[in-house]
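Peer 1: Numbering of the sequence shown is given in full-length UniProt numbering, commencing with residue 1 and proceeding in unit increments.
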Amino acid sequence: MRNSVVAIVGRPNVGKSTIFNRLVGERISIVEDIPGVTRDRIYAKAEWLNSTFRLIDTGGIEIGDEPLLIQMREQAEVAIREADVIIFLVNGREGITAADEEVAKILYKSNKPVVLAVNKVDNPDMREQIYEFYALGFGEPYPISGTHGLGLGDLLDSVVHLFPERENEIVDDDIIHFSLIGRPNVGKSSLVNALLNEERVIVSDIAGTTRDAIDTNFEKDEREFVIIDTAGMRKRGKIYETTEKYSILRALKAIERSDVVLTLIDAESGIIEQDKKIAGYAHDAGKAVVIVVNKWDTILQHDQAIKEFEEQVRAHFQFLDYAPIIYLSAKTKKRIHTLLPKVIQASENHTKRVETNVLNDVIMDALAINPAPSKHGKKLKVLYATQVAVKPPTFVVFVNDPELMHFSYERFLENQIREAFGFEGTPIKIYARKRS
Ligand code: GDP
Ligand code: GDP
C-alpha cells in the first residue's frame with residue numbers, strides 16, 4: 001500500500017525545517033539562523049498513531065538563483081503535485097505577510113486539503129496571536145512550536161484525518177515491480193530501453209505515466225514485471241523538475257513502489273560518494289537490491305577484472321553486502337540476460353517465509369557455536385525466534401533482556417540465518433523483544 005504524503009510549505013524562515021525534523025523524530029537536517037540554509041534531506045518517513053506517512057520539506061527544493069517569489073511558487077507547486085495533505089506554515093510572531101498571502105493564493109487553487117499551522121507559538125500566552133490567521137481562509141489555525149515541540153499532536157491528528165482512503169487499491173503480488181536508480185549518466189535510460197527491446201521480452205502494456213515515472217508492464221519467460229522508469233521523466237519543463245533534490249524525490253517515490261531496486265554504477269567513471277548516498281535510499285527503504293555495474297564494455301577485459309571491481313564495490317557498499325552484483329553493458333547488451341534472473345531471485349527472497357521450527361533449529365545451532373554474550377554479569381538468554389513479516393523478512397528474537405543483545409551478536413545471528421536460508425538480494429531485520 002502506498003504511504004500518504006504530507007508536504008510542508010511556507011515562506012522562508014517560518015520553521016519548516018525545524019518542524020520537519022521534529023516530525024521525523026531525528027535531527028536529520030541542519031537548522032541555523034540563516035534563511036534558506038541547505039538541507040541534507042527533504043523527504044523522510046514519519047509516524048503518527050497508526051499511520052505511516054512520507055513528509056516533504058519543500059523548503060529544501062531550491063532552484064538555482066531564482067528570485068524568492070518564484071522559489072516559493074515552485075515549492076508550493078511541488079507540494080500540490082506530490083502531497084495528499086499540505087501543512088501551510090506561518091510565523092505567529094510576525095503576523096500575515098505578503099509572502100504568506102502569495103503562498104495562500106497558490107494553495108487555494110489546488111484541490112488538496114490544507115492544514116494551517118502557526119509556528120513559534122512558544123508559550124500559551126501567545127495563543128491569541130493565532131486568530132488573525134483565520135483571514136488566510138484555511139479554517140482553524142493550529143498553534144505550534146517547533147523548537148519546544150508543542151501542539152504537534154493536534155496538528156498531526158488533523159492531518160491524518162485528511163488522508164485519502166486507500167482500501168480499493170489492488171496490488172497484484174505476483175508481478176515484480178522494479179526500478180533503476182543511480183546518478184545522472186550511469187545509463188538508466190539506456191538499460192530500460194535495452195531491457196524492453198530485448199527479443200524475448202513482451203511489452204504488454206505501458207501501464208501509465210504517473211506524476212513521477214513511466215510504468216511499463218512486460219513479460220519474460222511467463223513472469224510478469226513492471227519497470228518503473230523515472231529517468232525518462234527528466235525533461236518535463238517545470239523549473240523544479242530539473243533540480244537534483246527533485247530528482248531524488250522522484251527516485252524515492254519510485255523506490256517506494258518497487259519490490260526490487262537496481263542500483264546502477266558506472267564502470268567507466270568508477271564509484272563516487274553520490275552513488276553510496278543513492279544506494280542508501282534503497283537499503284533504508286528495506287527493498288531488495290541488485291547492484292548493476294553498467295558500461296562493462298569500457299573495461300579492459302581480463303580474468304581479474306570482475307574480481308577487482310567486486311572488491312571495490314564491496315568496500316564502498318558494505319551496507320549492501322547482501323546484494324548480488326552483475327556486470328553488463330546496456331549499450332552492447334552483453335550479459336543483459338543475467339539481469340532478470342537476479343531480479344526474480346531477489347524478489348523471491350524478499351517475500352520468503354521460513355518455518356518457525358526450522359528457524360529455531362538454526363538459532364539453537366547458532367547459540368551452540370557462539371554462546372550469547374553477558375554484560376555486567378548478566379547473560380543473554382535467547383528463548384525462541386519467529387518471522388513476523390516479509391518485504392523485507394523480519395524476525396523477532398525473544399530474549400530475557402533486549403539490552404543484552406549487542407549489535408555484533410545480532411549481526412552474527414543474521415549471518416547464521418542468511419547462511420541457512422539464503423536471503424541473497426534482500427535486507428533482513430532482526431528485533432530483540434523481552435520475554436521472561
Ligand atoms: P525554514 O526556512 O522555514 O525551514 O525555517 P527554519 O526551520 O530554518 O527556522 C527558521 C528559524 O526559526 C530558526 O532560527 C529556528 O530556530 C527558528 N524557529 C523554528 N521554529 C521555532 C519555534 O517554534 N519558535 C521559535 N522561537 N523559533 C523557531
Ligand atoms: P541516465 O542519465 O542514467 O539515464 O543515463 P543514459 O542512459 O542517458 O546514458 C548516459 C550515457 O552513457 C549515454 O551517452 C549512453 O549512450 C552511455 N551509456 C549507457 N550505457 C552504456 C554502456 O553500457 N556502455 C557505454 N559505453 N556507454 C553507455
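Backbone N, C-alpha and C define an ideal beta-carbon position, used for all residues, glycine too.
With a CB to CB cut of under 6 Å and the five nearest residues on each side skipped, what residues in its chain are close to I80?
Peer 2: These residues qualify, in order along the chain: S110, K112.
Peer 1: What is the C-beta distance between L196 and F218, in whole angstroms, given that I count them as a contact (C-beta under 8 Å)?
Peer 2: 6 Å
Peer 1: Report all residues for which the CB-ligand distance to some heavy atom of ligand 2 is below 6 Å; order them along the chain.
Peer 2: G182, P184, N185, V186, G187, K188, S189, S190, A231, N294, K295, D297, T298, S329, A330, K331
Peer 1: Among the residues of its own chain, which have a CB less than 6 Å from the CB of G36, if the five just before and after it don't count?
Peer 2: Since pLDDT at G36 reaches only 39, below the 50 mark, its modelled position is unreliable, and the value read off the structure follows with that caveat. Cβ neighbours of G36 within its own chain (closer than 6 Å, five residues either side excluded): P12.
Peer 1: With distances taken Cα to Cα, identify the nearest neighbour of A76 among I265, I56, T147, V201.
Peer 2: I56
Peer 1: Starting from A44, trace the alpha helix (DSSP H) in both directions and tell me its first and last residue.
Peer 2: Element bounds for A44: not the alpha helix (DSSP H) but the beta strand (DSSP E), 43-48.
Peer 1: Take A46 and list the residues in its own chain whose beta-carbon comes closer than 8 Å to its own, dropping the five residues that flank it on each side.
Peer 2: V6, L23, V24, G25, T52, F53, R54, L55
Peer 1: Quick check on D221: does DSSP put it in helix, strand or coil?
Peer 2: coil
Peer 1: I'd like the list of long-range same chain contacts for A135, defined as Cβ closer than 7 Å, with 5 residues on each side in sequence excluded.
Peer 2: I96
Peer 1: Among all the DSSP beta bridges, which residues are the ones paired with F395?
Peer 2: Answer is Q387, I430, bridged to F395.
Peer 1: Thinking just about the alpha-carbon of each residue, which of P184, T351, A346 is nearest to the one in E424?
Peer 2: A346
Peer 1: Flag this pair as touching only if the region 380-398 and the region 358-367 have three or more C-beta atom pairs under 8 Å; answer yes or no.
Peer 2: For the pair of segments examined, the region 380-398 was found to touch the region 358-367: the number of CB pairs separated by less than 8 Å reaches three.
Peer 1: Once you ignore the five residues that flank A330 on each side, which residues in its own chain have a CB closer than 8 Å to its CB?
Peer 2: So the qualifying residues of the chain are G187, S190, L191, N193, A194, N294, K295, I336.
Peer 1: Does H376 pass the burial test, meaning 16 or more other C-beta atoms within 10 Å, or should it be called exposed?
Peer 2: exposed
Peer 1: Tell me whether N294 sits in a helix, a strand or coil according to DSSP, three-state version.
Peer 2: strand
Peer 1: Taking the continuous alpha helix (DSSP H) assigned at Y134, which residues delimit it?
Peer 2: Looking at the DSSP string, Y134 is not in any alpha helix (DSSP H), and its letter there is neither H nor E.
Peer 1: Cα separation between F309 and V118?
Peer 2: 53 Å
Peer 1: I'd like to check one pair, H406 with P427: are the Cβ atoms closer than 7 Å?
Peer 2: no
Peer 1: What's the C-alpha gap between R257 and R418?
Peer 2: 25 Å
Peer 1: Once you ignore the five residues that flank N50 on each side, which residues in its own chain have a CB closer than 7 Å to its CB?
Peer 2: none
Peer 1: Out of G153, I181, D259, L300, state which residue places its alpha-carbon closest to the alpha-carbon of N349.
Peer 2: Nearest of G153, I181, D259, L300 to N349, Cα basis: D259.
Peer 1: For the alpha helix (DSSP H) containing L359, list its first residue and its last residue.
Peer 2: In this chain, the alpha helix (DSSP H) harbouring L359 covers 356-369.
Peer 1: In angstroms, rounded to a whole number, what distance separates the CA positions of V382 and P324?
Peer 2: 31 Å
Peer 1: By a C-beta neighbour count over all protein chains shown, 10 Å radius and 16 as the cutoff for buried, is D275 buried or exposed?
Peer 2: buried
Peer 1: To which residues does DSSP link I326 through a beta bridge?
Peer 2: According to DSSP, I326 bridges with V292.
Peer 1: Please list, in chain order, all residues of the same chain as A104 whose beta carbon is under 6 Å from its beta carbon, the five residues on each side excluded.
Peer 2: Cβ neighbours of A104 beyond the five flanking positions: L136.
Peer 1: Apart from the five residues just before and just after P141, which ones in its own chain have a Cβ nearer than 6 Å to its Cβ?
Peer 2: L116, V118, I130, F133
Peer 1: Closest by CA to D321, which one among Y327, I344, I291?
Peer 2: I291
Peer 1: Which partner residues of H376 appear in the DSSP bridge assignment?
Peer 2: Beta-bridge pairing links H376 to no other residue.
Peer 1: Can you grab the Cα-Cα spacing for the pair V114 / A213, in whole Å?
Peer 2: 26 Å
Peer 1: When you compare only the Cα positions, how much space is there between M72 and A254?
Peer 2: Rounded to the nearest angstrom, the two C-alpha atoms are 25 Å apart.
Peer 1: Answer yes or no: the CB of G15 versus the heavy atoms of ligand 1, is any distance below 6 Å?
Peer 2: yes
Peer 1: Would you identify the three-state DSSP class for A315, choosing helix, strand or coil?
Peer 2: Of the three classes helix, strand and coil, the one that applies to A315 here is helix, per DSSP.
Peer 1: Work out the CA separation of L68 and D100 for me, nearest whole Å.
Peer 2: 12 Å
Peer 1: Out of I265, V354, I227, F163, point me to the one whose CA is closest to P393's CA.
Peer 2: Looking at the Cα atoms, V354 is the closest of the given residues.
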